[in-house]
Amino acid sequence: AQKALSALERVASRFRESSGVEGNKTSFASAARLRVAALRAALAAAEEESAATGALSLGAWRRCSGIFASLSSLWAHARDAEAEAERDAHELFRRRVKGPTAAEALEAAKASAAETLEAAKAS
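In this text, residue positions in the sequence shown follow the working numbering: the first is 124, and each later residue adds one.
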């Protein structure tokens, strides 16, 4: 199971490196799907082993530990990506809908006044 996961991750990383920006998002999603599918297969193999023998071997315990660590990593990455997308959407909405705050308007006025002063000094 670990060899299969490593092979899938290598293939996904090569595809990710050769893709463009938009393809990059697609390849990340594809790599995550492949990784989850491989993890499911590894868990199914561990479940079959435990059903057949009545217990998990030490190697199976280690594989399961690796599987759960990988799932945890995937979940954390997905959570962070979702939070970043939400922040970006919120910022875009704020810029499109809401006018400038008083502080932003004051900064813009100061910058405009400074430009006018510089232009007057230059002439």
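A virtual CB, placed ideally from N, CA and C, is assigned to each residue, including glycine.
Rounded to the nearest angstrom, the Cβ distance from A161 to E172 is 17 Å, too far for a contact under 8 Å.
Contact annotation: L197 and A169 have beta-carbon atoms that are not nearer than 8 Å. Under the DSSP assignment, G222 falls outside any alpha helix (DSSP H); it carries neither an H nor an E label. In the structure shown, S246 falls within a coil segment according to DSSP collapsed to helix, strand and coil. The C-beta distance from A164 to R186 rounds to 11 Å, too long to meet the 8 Å contact threshold.
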